[in-house]
Structure formats: structure tokens, C-alpha cells
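*Asks:* Take a look at the following structure, please.
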Amino acid sequence: DGGITQSPKYLFRKEGQNVTLSCEQNLNHDAMYWYRQDPGQGLRLIYYSQIVNDFQKGDIAEGYSVSREKKESFPLTVTSAQKNPTAFYLCASSVTGVYNEQFFGPGTRLTVL
Amino acid sequence: QQPVQSPQAVILREGEDAVINCSSSKALYSVHWYRQKHGEAPIFLMILLKGGEQKGHDKISASFNEKKQQSSLYLTASQLSYSGTYFCGTEIGNNDMRFGAGTRLTVKP
């Protein structure tokens, strides 16, 4: 079964701790994306990557970091510098060609206490 | 850089029609439309490319005005299953995607 997995579904952390969200895909897609979803604000782009070992900042990259060491994996670290990290985080992937519709994972709901 | 969607919310009776609009301040490579049900991941509906090509859902249609940097999603003869939040995604650079804030659609029997 091809798809995108994100784990865990729910994550709780204490303020001041870094936390890494996992995103894995077996769709052989080159491009991967991280979005943050808050009520009423839609999906805001944090980072995206079009190829291994390369990534670009989105609109709200401050306080986040990513790596793309393997094609299948694009982990997101929420650092202690992110002032309001509690949110729903969605990972997606796509081909890099013309019909580049995005396939989304189930999301991780992060709560920082 | 997020596109602007309107309306923010709409309530329909089964069988009624709706139009959702999406407007960008940037030139666009393509426009995507997705639907998200509560607690679930967004699901792809349609992609519209410059030059008029489209790919997607067979019961939902959309338009893309490249010059005006606008797109509209047309939901005709709505069904209960159409309920959800609709997002437009605007590709402003190669694989550089921005999503709107969403339009919440409720279809009632």
C-alpha cells in the first residue's frame, strides 16, 4: 500500500523542549512539504523539499528545522524557538512534474504544555 | 503570499449549487483544489494548469483565469458528501505551493 505516514498522531511536550515529527512516504515522490494548520488559517507552508539534501523555507519557517537525507523521509523539528508550537502539522508529497497534486499524511497534533 | 478565498463559509440544501473563489496576488503556475473533512487529511480534487488543461474530479468543475490570477470551484447539485472545508492551493513557483484559509461548506438534507 502506497502512502504517507506521520507519527505519532498525538504528541505532548513540555515548553522549552525540541520535538521531531516524522514523515515517511513510499510513493517515490521527489517533493515533500510540511504545513501547519491552525483554526481559520488554512494550511501554512513551513518548509518544502524538491530533492534529497535540498529544502526551501516557506512562509513560517522560523522556529522549525528540517532535513532530507533520504527520498522517503522528511522529518520536521519544532524547536524551543517556536513561540506558539501547539498546532496540527501535515506532511505532504508530490511528483515534481506538471500534475503535481499533493498527497497528505494523516497529520500530527502537537500540544506543548 | 496566501491566496484569498471567498466565501469563508456556505450552507446549502442538497441539490443546490455553490461557487468558491480563490484569488492570488502572484502569477501562478497552477491552481489546485482540495477538500478536507473534519479530523482528516485534505484530499485532492482538481488541478488547473496555465493554458487550460485540467485533471481531477468528474463531478466537480473549476475555472482558472490566468490573467486575473483567479480560480473558481463550481459545486453543482450538491450532495451530503460534499460537506467539508475546501482549500485552493496556488503554485507560485516550481512546487512552491500556498494554500488559502479555506471555505467551510455544509450541505443539509
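Top line first, the protein sequences correspond to chains A and B.
All letters in the first sequence, in the order written, are residues 1 to 113 by our numbering.
All letters in the second sequence, in the order written, are residues 114 to 222 by our numbering.
By construction, the Cβ of each residue, glycine as well, lies at the ideal position given by its N, Cα and C atoms.
1. Tell me which residues of the stretch 15-46 of chain A have at least one Cβ-Cβ distance to chain B shorter than 8 Å, keeping chain order.
2. Could you compute how far the alpha carbon of Tyr48 of chain A sits from the alpha carbon of Val220 of chain B?
3. Give the DSSP bridge partners of Asn178 of chain B, in chain order.
4. May I ask you to verify whether the stretch 96-104 of chain A touches the stretch 115-131 of chain B, counting CB pairs closer than 8 Å and requiring at least 3?
5. Please tell me whether Gly3 of chain A has its Cβ less than 8 Å away from any Cβ of chain E.
6. Tell me whether Ser194 of chain B sits in a helix, a strand or coil according to DSSP, three-state version.
7. Within the present structure, is the beta-carbon of Leu45 of chain A separated from the nearest heavy atom of the ligand NAD by less than 7 Å?
8. Output needed in chain order: residues of the stretch 152-171 of chain B with a Cβ under 7 Å from some Cβ in chain A.
9. Which ranges would you report for the alpha helix (DSSP H) in the stretch 29-76 of chain A if only whole runs of at least 4 residues count?
10. For the beta strand (DSSP E) that contains Thr20 of chain A, what are its first and last residues?
11. Taking the straight line between their C-alpha atoms, what separation do you get for Glu166 of chain B and Asp38 of chain A?
12. Using a 10 Å radius around the Cβ and a threshold of 16 neighbouring Cβ atoms, would you call Leu113 of chain A buried or exposed?
13. Is Ser65 of chain A closer than 8 Å to Thr77 of chain A when the C-beta atoms are compared?
14. Which same chain residues, not among the five before or five after His145 of chain B, have their C-beta less than 6 Å away from its C-beta?
15. Starting from the Cα of Ala80 of chain A, find the closest Cα among A:Leu11, A:Ser7, A:Asn18, A:Ile46 and give me that residue.
16. Counting only beta-carbon separations shorter than 8 Å, does Asn208 of chain B have a partner in chain A?
17. Please check if any C-beta of chain A sits within less than 8 Å of the C-beta of Arg211 of chain B.
18. Helix, strand or coil for Ile124 of chain B, going by three-state DSSP, please let me know.
19. Taking Cβ to Cβ, would you say Leu125 of chain B is nearer than 8 Å to Ser194 of chain B?
20. Quick one: what's got a C-beta closer than 8 Å to Arg68 of chain A's C-beta in the same chain, skipping five residues either side?
21. Where does Val132 of chain B fall in DSSP's three states?
22. Is it buried or exposed for Thr216 of chain B, if we count other Cβ within 10 angstroms and need 16 for buried?
23. Under a Cβ-count criterion, where at least 16 other Cβ atoms within 10 Å of its own Cβ denotes burial, should Glu204 of chain B be classed as buried or exposed?
24. In terms of residue numbering, what span does the beta strand (DSSP E) encompassing Ser94 of chain A cover?
*Replies:* Once the coordinates are examined:
1. Going along the stretch 15-46 of chain A in chain order, one finds Ala31, Tyr33, Tyr35, Gly40, Gln41, Gly42, Leu43, Arg44, Leu45 with a Cβ nearer than 8 Å to chain B.
2. Answer to the nearest angstrom: the Cα atoms are 34 Å apart.
3. According to DSSP, which records beta bridges pairwise, Asn178 of chain B is partnered with B:Gln183.
4. The stretch 96-104 of chain A makes no contact with the stretch 115-131 of chain B; the number of CB pairs closer than 8 Å stays below 3.
5. The displayed structure is made up of protein chains A and B, and chain E is not among them.
6. Under the three-state reduction of DSSP output, Ser194 of chain B falls in the helix class.
7. Absence of the ligand NAD is noted for the structure shown, with no ligands found whatsoever.
8. Legend: CB atoms of the stretch 152-171 of chain B lying less than 7 Å from CB atoms of chain A belong to residues Ala154, Pro155, Phe157, Ile160, Leu162, Lys168.
9. The stretch 29-76 of chain A is shown to contain no whole alpha helix (DSSP H) run of 4 or more residues.
10. It spans 19-25 - the beta strand (DSSP E) in which Thr20 of chain A sits, taken as one unbroken run.
11. C-alpha separation (whole angstroms): 32 Å.
12. Answer is exposed; the Cβ neighbour count stays below 16.
13. It is a contact, given that the beta carbons lie within the stated cut-off.
14. Closer than 6 Å at Cβ, skipping near neighbours: Ile160, Gly202.
15. Sequence inspection shows Ser at residue 80 of chain A; the Ala mentioned does not correspond to that position. Taking only the C-alpha atoms, the option nearest Ser80 of chain A is A:Asn18.
16. For Asn208 of chain B, the answer is yes, since a Cβ of chain A falls inside 8 Å of its Cβ.
17. Yes, because at least one Cβ of chain A sits closer than 8 Å to the Cβ of Arg211 of chain B.
18. Strand at Ile124 of chain B.
19. Contact: no.
20. Counting only Cβ-Cβ distances below 8 Å, and skipping sequence neighbours, we find Met32, Ser49, Ile51, Val52, Asn53, Asp54, Phe55, Phe74.
21. Note: Val132 of chain B maps to strand in three-state DSSP.
22. Counting the other CB atoms within 10 Å of its CB gives Thr216 of chain B a total of 16 or more, which places it among the buried residues.
23. By the neighbour-count rule (16 or more Cβ atoms within 10 Å), Glu204 of chain B is buried.
24. Annotation for Ser94 of chain A: the continuous beta strand (DSSP E) segment containing it runs 87-94.
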